[in-house]
Amino acid sequence: MYISVMFLSYMAAAFIALLGVGILLLLLTKGENRSSGQYRTVMGFALIVLAECILYFYFYYADMMMHQYRVNVVLRMVDYLLYGAVLCWWIRVMAIIDVVEMRKSGLWSWIIGGLFSGTGVLASAFLMDDYYCFRTDAAGRAFTYMEIGMVLLTVVVVGFYTVEFLRNSVSRSKRIYVAVVSLVMMIWIIQQISVDSCLYLGIYQSAWAEGIIDTTGITMFIIGLATFIVLFREDFSPLYYRDQTYAGKNAMEDGGELLENETAVLEMTAQQHHLTVRELDVLKLVYKGKNNAEIAEELFISINTVKKHMKNIYEKLGTSSRMELVYIINQKKK
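Numbering (the numbering used here), first residue to last: 36 to 369.
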């Protein structure tokens, strides 16, 4: 039963992670602006999660099906590199989809990822045997204490940026996404250190062979599923609400002026997503149904400048089309 559950968890995690990568590739075919750093970062995170799933599926298969507990140095290094990359990229994803403290969060993401990846690679190359066991108990205990410190630091950093995101974000689906992924990720790294410490000290050669529950498959499945759902809701669901999305626009076409509550919502959106004054002006005209040429004429700027403002607005609000922008504004009016 244990073997079947773990096997299925890794299979499901790899499958759903592949779906996440697939939906990101589908977004590239929509013909909208997809050059933003937001989608490059999310794509990178999805690919790292997929690679982690594949690697651990291989580890599990080698352990439980082939009874090969030895892991060569290259795979051990890849294991630590991916472990650090998952943590690093998650902090970057939180930052870029809500534009919160980008410089500081970017620095912390590299510190966290670099610590886990760098120390793990060095330990794998010089201090460990092929079973993740340190050659001396003193080295194993020292590395365990150091990793506990890094886990605590990661929990604090991820927790801090999660709270900041939940405080700043206005998208309900994004808030749920960040809360769920951050929670399961913190549980995962805490559980991992309990397993790692036993491997480092040679208490057992394989956690799976000892019947220890490994949450990696479940964690990666939840992360992959959450990513898939939020991408669908944020990027595709507006396609199914076309009439609702343009309800406000059609009403405005009669009078041509924004209502007081619409102006308030637009200004609140600009403040929450750190839009500039000019970007707010552009957003108001987009909501009124103006095209790029009409916006350029009304604001006395070039069409290229309008396109630049539109790109910034898309990136800051996490959207890719005018339809999605109008849909988001209409949702906030409710």
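All C-beta atoms, glycine included, are put in the ideal place defined by N, C-alpha and C.
All values reported here derive from a predicted model rather than from experimental measurement.
Handout entry: Residue range of the unbroken alpha helix (DSSP H) whose run includes Gln226
Key = Arg207 to Tyr235
Handout entry: Residue nearest to Gly149 in terms of C-alpha spacing, selected from Ser44, Glu182 and Ala173
Key = Glu182
Exercise for the section: Assign Ile330 to buried or exposed, taking buried as 16 or more other Cβ atoms, counted over all protein chains shown, within 10 Å of its Cβ. Expected result: buried
Problem - Outcome for His102 when other beta-carbon atoms lying within 10 angstroms are tallied against a minimum of 16 - result: exposed
Exercise for the section: List in chain order: all unbroken alpha helix (DSSP H) runs of 4+ residues lying wholly within the stretch 143 to 213. Expected result: 172 to 203
Problem - For Met185 and Ile147, the rounded distance between their alpha carbons - result: 8 angstroms
Problem - Spatial distance of Ala52 from Ser232 (CA atoms) - result: 28 angstroms
Exercise for the section: Go to Tyr362, then tell me how far its alpha helix (DSSP H) extends in each direction, as first and last residue. Expected result: Arg357 to Lys367
Problem - Leu301 beta carbon less than 8 angstroms from that of Ile348 - result: no
Handout entry: Expected contact under 8 angstroms - CB spacing of Ser44 and Gly252 to nearest Å
Key = 3 angstroms
Exercise for the section: Measure the C-alpha to C-alpha separation of Leu201 and Asp164 and round it to an integer number of angstroms. Expected result: 43 angstroms
Handout entry: Rounded Cβ spacing between Trp143 and Val192 (contact assumed at less than 8 angstroms)
Key = 5 angstroms
Exercise for the section: Give a yes or no on contact between the stretch 111 to 124 and the stretch 333 to 341, applying the rule of three or more CB pairs nearer than 8 angstroms. Expected result: no
Practice task
Indicate whether Gly13 and Ala130 have their beta-carbon atoms separated by less than 8 angstroms.
Solution key: Limits of the chain in this structure are 36 at one end and 369 at the other, which puts residue 13 out of reach.
Practice task
Out of Thr304, Gln366 and Phe169, state which residue places its alpha-carbon closest to the alpha-carbon of Gln240.
Solution key: Phe169
Handout entry: Whether Glu314 touches Ala328 by CB criterion (8 angstroms)
Key = no
Exercise for the section: Decide if Ala81 is buried, meaning its Cβ has at least 16 other Cβ atoms within 10 Å, or exposed. Expected result: buried
Practice task
Give a yes or no on whether the C-beta atoms belonging to Ala86 and Leu110 are separated by under 8 angstroms.
Solution key: no
Exercise for the section: Determine the DSSP secondary structure at His308, reduced to helix, strand or coil. Expected result: coil
Exercise for the section: Please classify Ile364: is it buried, with 16 or more other beta-carbons within 10 angstroms of its beta-carbon, or exposed? Expected result: buried
Exercise for the section: Identify the continuous alpha helix (DSSP H) that holds Tyr349 and give its terminal residues. Expected result: Ile338 to Leu352
Practice task
Verify the contact flag: Met358, CB atom, against every heavy atom of the ligand FAD, threshold strictly below 7 angstroms.
Solution key: What this structure holds is no ligand at all, so the ligand FAD is not there to describe.
Practice task
Count the other C-beta atoms from every protein chain shown that fall within 10 angstroms of the C-beta of Arg207, then say buried if there are 16 or more, exposed otherwise.
Solution key: exposed
Handout entry: 7 angstroms Cβ shell around Leu162 - same chain, five flanking residues per side excluded
Key = Phe169, Arg170 and Ala174
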